[in-house]
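K.L.:
For the sequence shown, UniProt numbering assigns the number 1 to the initial residue and increments by one for each residue that follows.
All C-beta atoms, glycine included, are put in the ideal place defined by N, C-alpha and C.
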Amino acid sequence: MDWLTHPVVLLAVGGGAGANARFYLGRWVAEWQLRHGGVSFPWGTCVINVTGSALLGFLAAACLGSADPGRRAWYLLLGTGFCGGFTTFSTFSVEALDLIREERIGAAVVYVLGSVLAGLGAAALAMRAGR
C-alpha cells in the first residue's frame, strides 16, 4: 500500500481540510451577518451542516456501492475525512442550547428542526444525484 493512500493519511488530510473549511466558512458567514444587521442566529453552523450532509450523501451514493478501491479511498478522504472535519454536531447542539438558555425557544425549534430537515433533504437529493 502506497503511503499516500494509507487510510490514516487520507483521514488526516481530509479531516484537516474539512476543519479549516468549517472555520473559514463559519467566519465568513458571521462577518456577513454583522455587515447585514447582525442577525443573532447560528446560520454558519446550519450552512456548514447542510452542505456537509449534501456532500456526504453524494459521496456515499457515488463511492460506497463500488468495489473499486479508488472510490473507497476518495470516500475516506472526502466523506469520512473532509465531511467529518467540516460538519459539527457538537456545535449545533451547544448553539441550540444557547438559544434555549437565552429563552429564544422559537428560534431554537426553528434551528433544530430546520437543520435536521434541511440536512436530510440535502443528503437525499445529493444521493440521488450521486447514483
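On the CB-based measure, 16 or more other CB atoms within 10 Å of its CB, does Leu113 come out buried or exposed?
P.N.:
Leu113 is exposed by the Cβ-count criterion.
K.L.:
Only counting runs of 4 or more residues, tell me where the alpha helix (DSSP H) segments fall wholly within the segment 34-81, in order along the chain.
P.N.:
You should have 43-63, 69-74.
K.L.:
Anyone know if the C-beta pair for Ala18 and Phe86 falls short of 8 Å?
P.N.:
Reading the sequence as shown, one finds Gly at residue 18 and not Ala. Yes; because the gap between Cβ atoms is below 8 Å, this pair is in contact.
K.L.:
Compare the beta carbon distance of Gly81 and Ile48 with 8 Å and say whether it is the shorter of the two.
P.N.:
Against a cut-off of 8 Å, the Cβ pair of Ile48 and Gly81 comes out as no contact.
K.L.:
Under the rule that 16 or more other beta-carbon atoms within 10 Å means buried, what is Arg101, buried or exposed?
P.N.:
Looking at its Cβ environment, which holds fewer than 16 other Cβ atoms inside 10 Å, Arg101 is exposed.
K.L.:
What residues in its chain sit with their C-beta under 7 Å from that of Ala73, if we drop five residues either side in the sequence?
P.N.:
Answer for Ala73: Thr5, Leu10, listed in chain order.
K.L.:
Output needed for Leu56: all residues of its chain with C-beta closer than 6 Å, excluding positions within five of it in sequence on either side, in chain order.
P.N.:
Here the set comprises Gly79, Cys83.
K.L.:
Given this structure, state the Cα-to-Cα distance separating Ser66 from Phe89, to the nearest angstrom.
P.N.:
Going by the C-alpha atoms only, they are around 28 Å apart.
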